[in-house]
Amino acid sequence: MVTRAVTGPYDGLHEVSDRSEVHQVSDMSEINILVLGRTGVGKSTWINAIINYLAHPSLDDALAADSLGWVVPFSFSVNFIPDDQDEYQCANVKVGFTDQAKDDSIKVDDEWKKVDECDGATGVSATQRTIIHCVKVRDRVIRFIDTPGIGDTRGPDHDKENMADILRTLRNYNDLHGILILLKPNEQRLDVMFRFCIQELLIHLHNDAAKNIAFGFTNTRGTNYAPGDTFDPLFKLLEKYKDVRVPLSKNTVYCFDSEGFRYLAVQKQFGVKLDYLVENQRSWDHSVKESSRLLQHFQSLTPHPVRSTTNLYEVRSQLQSIAEPIAITSRNIQDTIRENEEDINSLMKVEMDQEELEQRLKTEIRTSMMRGTGNLRTVCAHQECVQHLPRGILGRDGNPVLDVAHKRVCCYGCWIPFAKLDTKGKWSLKLCGAFKFSSICHHCNHEISDHMQIRYDLEEIVQCIDPELKASINEKVSIADRKRVAIETKKNLIQELGEELDMLQEAAVQFSVFLKQNALLTYNDATLEYLERTMKEERAKVSLGGSRDNLDSLIQYEKKYKQLLQTLQDHVDSGKKPMDAAGAEELMRRLYSLKHYGTHLEKMRETFDAVGCSGREKPYVVK
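Counting from 1, one number per residue, gives the positions in the sequence shown under full-length UniProt numbering.
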């Protein structure tokens, strides 16, 4: 039988008697298995079931035992017709929750009063935080790392918290022997949530973890103990990973069925003998064999070093948040350099009125203050729904530099699964309340291609950076001396800003290559995406008579970025060792210490990270 002695989220120990076929697994001091899957796939039920498979080689043996073995609270309902009646009755099986009725046969430890689990009946993810169930089998410990569901029903904010919690928990262990991704066998197509559940899991794993991944299919009795309709879409999804192979083979695919465990639970709690005993015996026998095969497979693998995953997660999270702030900061530097160059050219003129002179003598930099919008907003970028406002300066071509302001917000606080933020025309916007599955906005009557969701506003700030210069200018008598001091200061500033711009661009390239080298699923390059989006805006401004200065600068920046990216990637491909996690962290620290823009960049990155999931309170849109 199984006895429970939970002492904490990392040290719960469950002793198992030595009778099951599962004990054919070779001797090993410990096996650590991370159990992952989408919300509702049955992770907790699977863990409870395998605990019983470890203890009982057959359903008959489990039925004859004194009590039910369980390590995770669970609940479900079953309908049956009693022998002496003609009408169906409903039995609500509920085990391990502190609000359940007193049951002498099933004991509940005080430890479970913590909010580690809820019953899942309301649609909320059953597992609330990562818990480790340590099962002792003879001289061996098998740790099942039970995780909150990916695709949490409370929204992506919780997904982010859950993934961070999983990786924080893994830090307590040196090795991970197996990563089991549980799936249902009846997914007929790659719906949005299914793709998210697979891709989100793979994104957060180091590429070394690929060899330790296996797929378990739950409730497979209805598919003759085979993967069923899920196999084809899963196969096509995994084909996308060209650099790292995650095969679907006999060694990586396991088909389980928990109906035998549910049959056992009803029998133990209510003493009700249900029909279909033979089918449940077969289900139990098959699942015992699959469990044995799974443990043998994980035991035969070289363990995955956990630190490579947890370190990578921390570094990658920061790099994801810094890519766009780097691009925005680089653009601010380019604007500042251009404006100070224009000041120098103007100051070198012989004639200049007093007002223009005082303006040109100032040494200023342009920065951006990023402010979260509170809730995500769907806005229209059609020409009729935006304003192009003069910034107050002229470009080299004599045309005004324009800024874009959205006049119309078509929807407030609408969370859309997998929406590409700050990008126009994505199909997922059909789920927004402004569209209601249409391609035309119900508020402004413009096409979906003109709309996007935004998460922050940028407020431009012009900052005077040289009070000492101002004092020295006030002391000067001649205009010529005042001009000379200002020109010298601006030239020094331009040189320093050029060095900061080069460092930011090179860092962005290094970070992009790092992400590509250290993840199973490569991210789209956030820098290139930002540049493409911004260049589209600038082209629209030029068509309305605005200056080409910003557009030309962006085109040159993109060209240089791609050249640097290709050069670094060629070096890596030729065998040169790429930057590691420690190097990425050190490079970020150097960026934050830049003289003029380091502090601005760090604050922007922190804000960008904070507003990344703001307003997304719901995981789906109810029509």
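Quick reminder that beta carbons are idealized off the backbone N, C-alpha and C, glycines included.
- When only Cα atoms are considered, Leu497 and Asp403 end up about 23 Å apart.
- DSSP places Val404 within a strand segment (E or B) once states are collapsed to three.
- The alpha helix (DSSP H) runs lying completely inside the region 258-337 and spanning 4 residues or more are 259-270 and 277-300, given in chain order.
- In the structure shown, Ala214 falls within a strand segment according to DSSP collapsed to helix, strand and coil.
- The beta carbons of Val401 and Asp549 sit about 7 Å from each other, so the pair counts as a contact at 8 Å.
- Distance between Ile81 and Cys90, taken at the CA atoms: about 9 Å.
- In terms of Cβ geometry, Tyr530 and Glu324 form a close pair [threshold 9 Å].
- Per DSSP, Ile47 has no beta-bridge partner at all.
- For Ala91, there is no enclosing alpha helix (DSSP H); the residue is part of the beta strand (DSSP E) that begins and ends at Gln89 to Val95.
- Distance from Pro185 to Asn219 at the Cβ level is roughly 7 Å; contact confirmed, criterion being Cβ atoms closer than 8 Å.
- Between the region 507-521 and the region 335-350, the count of C-beta pairs closer than 8 Å stays below three; the two stretches do not touch.
- In this structure Val137 is buried. Its beta-carbon is surrounded by 16 or more other beta-carbon atoms within 10 angstroms.
- With fewer than 16 other Cβ atoms from the protein chains shown falling within 10 Å of its own Cβ, Asp139 counts as exposed.
- In the three-state scheme derived from DSSP, where H, G and I count as helix and E and B as strand, Leu591 is classed as helix.
- Here the C-alpha atom of Leu587 lies approximately 44 Å from the C-alpha atom of Phe437.
- About 13 Å separates the beta carbons of Asp397 and Ser553, which is beyond the 8 Å limit, so they are not a contact pair.
- Approximately 16 Å separates the beta-carbon atoms of Ser330 and Leu493; this is outside 8 Å, ruling out the contact.
- DSSP, reduced to helix, strand and coil, places Ile344 within a helical segment of the structure shown.
- Here the C-alpha atom of Val35 lies approximately 18 Å from the C-alpha atom of Leu248.
- The continuous beta strand (DSSP E) containing Asp457 extends over residues His451 to Cys464.
- Ranked by Cα distance from Gly149, the first of Thr599, Val542, Ile131 and Ser291 is Ile131.
- In summary, Gly69 is buried, with 16 or more beta-carbon neighbours lying within 10 Å of its beta-carbon over all protein chains present.
- In this structure Arg533 does not touch Leu551 by the C-beta definition: roughly 13 Å separates them, more than the 8 Å allowed.
- Annotation: the continuous beta strand (DSSP E) that includes His133 extends over Ile131 to Val137.
- Here Gly178 is bridged, per DSSP, to Ile33.
- Beta-bridge partners assigned by DSSP to Ser67: none are found.
- Nearest in C-alpha terms to Met604, of all of Gln383, Gln569, Val386 and Ile328, is Ile328.
- Distances from the CA of Leu591 to each of Ser512, Ala508 and Glu290 were compared; the closest alpha carbon is that of Ala508.
- A distance of 9 Å or more separates the beta carbons of Leu458 and Arg377.
- According to the DSSP assignment, Ile145 belongs to the beta strand (DSSP E) that extends over Arg140 to Asp146.
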